[in-house]
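S.K.: To get this note's numbering, take the position in the sequence shown, counting from 1, and add 1.
Here it is, the structure, as structure tokens.
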Amino acid sequence: MASVKVKFRPSTIGGKEGTIYYQVIHNRVVRQIYTDYKLFASEWQSHSEAVILYRVPNKQERNNHLLSISSRIRWDKDRLNKIIQTLSQSGTFVTDDVVVRFQDNRQEPSFNNYIRQQIARLKRLGKVRTSETYTAALRSFSGFMDDKEVLFDQINADLIAEYEAYLKGRGNSPNTISFYMRILKAVYNRATEDGLTEQRHPFKSVYTGVEKTLKRAISLGDLKCIKGLDLSLKPNLDFARDMFLFCFYTRGMSFIDMAYLRKKDLQNGILSYRRRKTGQQLFIKWERCMQEIVDKYPVNETEYLLPIITKRGEDYRKQYANELHRVNHLLKKIGKQLDLPIPLTMYVGRHSWASIAKSRNVPISVISEGMGHDSENTTQIYLASLDTSVVDKANTRGYANHGWLKTHHTFSFANYYNPKRVHFGMLRVLNDDSVAPGEGFDTHPHKNIEVISIPLKGYLRHGDSIRNSEVITPGDIQVMSAGTGIFHSEFNDSGEEQLDFLQIWVFPREENTAPHYKSYDIRPVLKKNELGVMIAPDGSAPASINQDAWFSMGTLDAGLVKEYKLHGKKNGVYLFVIEGEVEVANTVLSKRDGAGFWDTDSIAIEVLKHATVLLMEVPME
2 MASVKVKFRP STIGGKEGTI YYQVIHNRVV RQIYTDYKLF ASEWQSHSEA
52 VILYRVPNKQ ERNNHLLSIS SRIRWDKDRL NKIIQTLSQS GTFVTDDVVV
102 RFQDNRQEPS FNNYIRQQIA RLKRLGKVRT SETYTAALRS FSGFMDDKEV
152 LFDQINADLI AEYEAYLKGR GNSPNTISFY MRILKAVYNR ATEDGLTEQR
202 HPFKSVYTGV EKTLKRAISL GDLKCIKGLD LSLKPNLDFA RDMFLFCFYT
252 RGMSFIDMAY LRKKDLQNGI LSYRRRKTGQ QLFIKWERCM QEIVDKYPVN
302 ETEYLLPIIT KRGEDYRKQY ANELHRVNHL LKKIGKQLDL PIPLTMYVGR
352 HSWASIAKSR NVPISVISEG MGHDSENTTQ IYLASLDTSV VDKANTRGYA
402 NHGWLKTHHT FSFANYYNPK RVHFGMLRVL NDDSVAPGEG FDTHPHKNIE
452 VISIPLKGYL RHGDSIRNSE VITPGDIQVM SAGTGIFHSE FNDSGEEQLD
502 FLQIWVFPRE ENTAPHYKSY DIRPVLKKNE LGVMIAPDGS APASINQDAW
552 FSMGTLDAGL VKEYKLHGKK NGVYLFVIEG EVEVANTVLS KRDGAGFWDT
602 DSIAIEVLKH ATVLLMEVPM E
């Protein structure tokens, strides 16, 4: 029986990476297959034929590279063994047969090639937009695999999990990751139906849902500001603004439908068009404001109404795509000029019309018709996505019981992962911990995160690698800026009493700053029936962190109504009820419930039962 060994050949040049190669042995004939996997001699264990990982925190990026190499070695070795098994069953073979079969991807189905086939099929069917999304997914996956062809046998849960981690590491949002995963999953499932591979459910452990996104709509006041801008000396910005307003005037018409509006679609004061996405026929009363935009621009030499597709004989879709990119780029400049709370794009025009229509109590049926949705249910879902608040009830939090530690996680943490609860703006972690007497968290590292600990009961003892050691109690808080890296521990300093405390993480304004720790007595700001500010960036509070954040806390009597005013347009505030019961925005929040609010100047807190509340105001982006 043939065998496969994994070997390492060091570089002949000192300080350079060596190369991994495979040694195939059959009937005492040895052949070598070289790879382009590079690593240092210290990173390879010859005896076990395994990659050696680093055990220090600052080598995480290198470890990710080494893990990728380790996975590919495993895939290659599995494939070589499968080839040997197949050849053995078919009869006599020589070592060269194994090498040739391994190096010839054409003899085995390629996942990448199958995606390309689907892209070509979609184009033949006229589904150009869908083909473009498939192309984007293929481009992303190929980048992860360093442009190597991936065989169907290599598609497993481990590979897809690594791809997900790769996308997270590149800063992709959960919805973007899900977008790629859904496309690849659809292609894989189609391949199983075609008999190209067996169904191994490689996508079972990755997120393929749709996470609620932040609001992408602006207020009527913001819209009036956009309309009122003097852009007479900036024709490019003026054009982008006109396209945005035209979208709003036409009940949120999509840019692609705007691009393909024909001159003959406007007759007798009625604009009729068919949505390219759904094929639905829509009718809009032609208004003076729409005509004023059309009149500003020279007559288009093509059959189209607006100056988006303007050149005959050139790819119409390419003209539309280029113009959309240009207009969105210019709109973002306008948004920054007006200091709008969100990036201004053509999508925002569509969303804003729906949001304003909803706020004016326009019937769902009318909004649905205007948006060109195929059902009112679609519209209901769409309008729900425009909400500017989120509620996290206490009984929906993550929970873990480690015996000595009972902990609840409002946001994803440790083994608790909820794609809908990863963070709230710059607020990353809100843990509610209860620690047994004498127990605690042994020395562990943090990097580039702001850590705030708030004891609610008992004695919290802190120790760290920058020589701080301190015990704090309720009425104190501790703030630790991890910066370039810090090791610390947290223990219950009592041998008899339980320790209850909140630990909060906030993303920093600047990374890789010098580590810092300090405790603060907040009792002077905790006045009865007031929201005392304990953290602020402007020196008005006892503490500050490396972020434009305001933390307030207060104990409030039933019957009170307290208004909290946000400090910045781009901020949101997360309210956490420590004890009691309050009502905010028609939502009742009880002990350990949380709720986040954004795109608002203030919130009103009505106290239903004597309550202690914590408010954390942070930038949303």
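We put the beta carbon where it would ideally sit given N, CA and C, even for glycine.
Is there contact between the region 608–620 and the region 545–552, where contact requires at least three CB pairs shorter than 8 Å?
M.R.: Because the criterion of three Cβ pairs below 8 Å is met, the region 608–620 and the region 545–552 touch.
S.K.: Counting only runs of 3+ residues fully inside the region 482–534, write out the beta strand (DSSP E) ranges in chain order.
M.R.: Segments of the beta strand (DSSP E) lying fully in the region 482–534: 487–493, 500–507, 517–522.
S.K.: Determine the DSSP secondary structure at Tyr55, reduced to helix, strand or coil.
M.R.: On the sequence shown, residue 55 is found 54 positions in, with the first residue counted as 1. Three-state result, Tyr55: coil.
S.K.: Give the DSSP-derived three-state secondary structure of Val188 in the structure shown.
M.R.: Counted from its first residue, the sequence shown places residue 188 at position 187. Val188: helix per DSSP, three-state reduction.
S.K.: If I'm right that Lys695 touches Ala395 with Cβ under 8 Å, what's the distance once you round it to whole angstroms?
M.R.: Lying before the first or after the last residue shown, residue 695 is absent from the chain, which here runs from 2 to 622.
S.K.: Checking 8 Å against the spacing of the C-beta atoms, do Tyr135 and Ile178 come in under that value?
M.R.: Here the question's residue 135 lines up with position 134 in the sequence shown. Here the question's residue 178 lines up with position 177 in the sequence shown. It is not a contact, given that the beta carbons lie outside the stated cut-off.
S.K.: Among Tyr565, Phe577, Leu272, Ile579, which residue has its Cα nearest to the Cα of Ser603?
M.R.: Translated into positions along the sequence shown, residue 603 becomes position 602. If we check each option's Cα against that of Ser603, Tyr565 comes out closest.
S.K.: Please go through the same chain and pick out, in chain order, the residues whose beta-carbon is closer than 8 Å to the beta-carbon of Ser470, but skip the five residues on each side of it.
M.R.: The residue given as residue 470 occupies position 469 in the sequence shown. Result list for Ser470: Arg462, His463, Gly464, in chain order.
S.K.: Mind checking Glu451: buried by the 16 CB within 10 Å criterion, or exposed?
M.R.: Within the sequence shown, the letter at position 450 stands for residue 451. Under this definition Glu451 is a buried residue.
S.K.: When DSSP builds the beta bridges, which residues end up paired with Phe623?
M.R.: Past the boundaries of the shown model lies residue 623; the chain is included only from 2 to 622, so the question cannot be answered.
S.K.: Among residues of its own chain, excluding the 5 on either side of Arg63, which ones have a beta-carbon nearer than 7 Å to its beta-carbon?
M.R.: As a working note, residue 63 is residue 62 in the sequence shown. Counting only Cβ-Cβ distances below 7 Å, and skipping sequence neighbours, we find Tyr55.
S.K.: If I'm right that Val480 touches Ile546 with Cβ under 8 Å, what's the distance once you round it to whole angstroms?
M.R.: Against the sequence shown, residue 480 aligns to sequence position 479. Against the sequence shown, residue 546 aligns to sequence position 545. Sure, about 6 Å apart at Cβ, within 8 Å.
S.K.: According to DSSP, is Leu126 part of a helix, a strand, or is it coil?
M.R.: Taking the sequence shown and counting its residues from 1, the one referred to as residue 126 is at position 125. In the structure shown, Leu126 sits in coil (DSSP, three-state: anything other than H, G, I, E or B).
S.K.: Give the DSSP-derived three-state secondary structure of Pro420 in the structure shown.
M.R.: Looking up residue 420 in the sequence shown gives position 419. DSSP places Pro420 in coil when its eight states are reduced to three.
S.K.: Taking Cβ to Cβ, would you say Leu197 is nearer than 8 Å to Phe142?
M.R.: Looking up residue 197 in the sequence shown gives position 196. Looking up residue 142 in the sequence shown gives position 141. No, they are not a contact pair.
S.K.: Roughly how many angstroms separate the alpha carbons of Thr601 and Arg122, rounded to a whole number?
M.R.: Residue numbering aside, residue 601 sits at position 600 when the sequence shown is read from its first letter. Residue numbering aside, residue 122 sits at position 121 when the sequence shown is read from its first letter. Their backbone Cα atoms lie some 47 Å apart in a straight line.
S.K.: Tell me, please, which residues DSSP counts as bridged to Thr209.
M.R.: As a first step, residue 209 is located in the sequence shown; it is residue number 208 there, counting from the start. DSSP, once it has assigned bridges, lists no residue as partnering Thr209.
S.K.: Taking 8 Å as the cut-off, decide whether the C-beta atoms of Gly595 and Tyr575 are in contact.
M.R.: By one-based count along the sequence shown, residue 595 stands at place 594. By one-based count along the sequence shown, residue 575 stands at place 574. In contact: Gly595 and Tyr575 (Cβ atoms closer than 8 Å).
S.K.: Suppose you measure from the CA of Phe249 to the CA of Met621; what does that come to, to the nearest Å?
M.R.: Reading the sequence shown from its first residue, position 248 is the one you call residue 249. Reading the sequence shown from its first residue, position 620 is the one you call residue 621. Going from the Cα of Phe249 to the Cα of Met621 covers about 26 Å.
S.K.: Which ranges would you report for the alpha helix (DSSP H) in the region 322–361 if only whole runs of at least 4 residues count?
M.R.: Fully enclosed alpha helix (DSSP H) runs of 4 or longer: 347–360.
S.K.: Rank Ile285, Ile120, Asn269 by C-alpha distance to the C-alpha of Met259 and give the top, closest one.
M.R.: Numbered from its first residue, the sequence shown carries residue 259 at position 258. Minimum Cα distance to Met259 is reached at Ile285.
S.K.: Assess contact between the region 237–244 and the region 322–335, defined as three or more Cβ pairs (one per stretch) separated by less than 8 Å. Is contact present?
M.R.: Touching, yes, given that three or more Cβ pairs across the two stretches are closer than 8 Å.
S.K.: Excluding five sequence neighbours on each side, which residues of the same chain lie with their C-beta closer than 6 Å to the C-beta of Phe41?
M.R.: Here residue 41 corresponds to residue number 40 of the sequence shown, with the count starting at 1. Within the same chain, Phe41 has close Cβ partners Glu18.
S.K.: Let me make sure I understand the geometry here. Which of Glu150, Gly484, Asp477, Gly170 has the alpha-carbon closest to that of Gln504?
M.R.: The residue you call residue 504 lines up with position 503 of the sequence shown. Residue Asp477 is the option with its Cα nearest to Gln504.
S.K.: Grab me the residues of Arg468's own chain with a C-beta within less than 8 Å of its C-beta, minus the 5 sequence neighbours each way, in chain order.
M.R.: Your numbering for residue 468 matches position 467 in the sequence shown. Excluding sequence neighbours, Arg468 sits near nothing in its chain.
S.K.: Suppose the cutoff is 7 Å on Cβ atoms and the five residues either side in sequence are ignored; what does the same chain contact list for Arg10 look like?
M.R.: Reading the sequence shown from its first residue, position 9 is the one you call residue 10. So the qualifying residues of the chain are Gly19, Thr20, Tyr22.
S.K.: When you compare the CB positions of Gly441 and Asn493, do they come within less than 8 Å of one another, or not?
M.R.: In the sequence shown, counting from the first residue as 1, residue 441 sits at position 440. In the sequence shown, counting from the first residue as 1, residue 493 sits at position 492. In contact: Gly441 and Asn493 (Cβ atoms closer than 8 Å).
S.K.: Along the chain, where does the beta strand (DSSP E) that runs through Thr613 open and close?
M.R.: Within the sequence shown, residue 613 is the residue found at index 612, counting from 1. First-last of the beta strand (DSSP E) with Thr613: 603–620.
S.K.: Classify Pro236 as helix, strand or coil using the three-state DSSP reduction.
M.R.: Here residue 236 refers to the residue found at position 235 when the sequence shown is read from its first residue. Looking at Pro236 - three-state DSSP - the assignment turns out to be helix.
S.K.: Only counting the same chain, and skipping five residues up and downstream in sequence, which positions put a Cβ closer than 7 Å to that of Thr209?
M.R.: Start at 1 with the first residue of the sequence shown, and residue 209 comes out as number 208. Cβ within range, chain order: Ser179, Met182, Arg183, Lys186.
S.K.: In the structure shown, what three-state DSSP assignment does Pro299 receive?
M.R.: As a first step, residue 299 must be located in the sequence shown, where it is residue number 298. In this structure, Pro299 counts as coil in the three-state DSSP scheme.
S.K.: Could you tell me the alpha carbon to alpha carbon distance between Leu332 and Thr411, rounded to whole angstroms?
M.R.: Within the sequence shown, residue 332 is the residue found at index 331, counting from 1. Within the sequence shown, residue 411 is the residue found at index 410, counting from 1. Roughly 36 Å separates the two Cα atoms.
S.K.: Starting from Asp37, trace the beta strand (DSSP E) in both directions and tell me its first and last residue.
M.R.: What you label residue 37 is simply residue 36 of the sequence shown in a count that begins at 1. Here the beta strand (DSSP E) through Asp37 covers 30–40.
S.K.: Would you call the region 264–280 and the region 357–371 in contact, with 3 or more CB pairs under 8 Å?
M.R.: No, the region 264–280 is not in contact with the region 357–371.
S.K.: State the Cα-Cα distance for the pair Ile219 and Lys228, rounded to the nearest angstrom.
M.R.: Mapped onto the sequence shown, residue 219 falls at position 218. Mapped onto the sequence shown, residue 228 falls at position 227. Between Ile219 and Lys228, the C-alpha separation is close to 13 Å.
S.K.: Keeping to the same chain, check which residues put their C-beta closer than 6 Å to that of Trp405; ignore five residues upstream and five downstream.
M.R.: As a working mapping, residue 405 is identified with position 404 in the sequence shown. Closer than 6 Å at the Cβ level, and outside the excluded window around Trp405, lie Ala437, Glu440.
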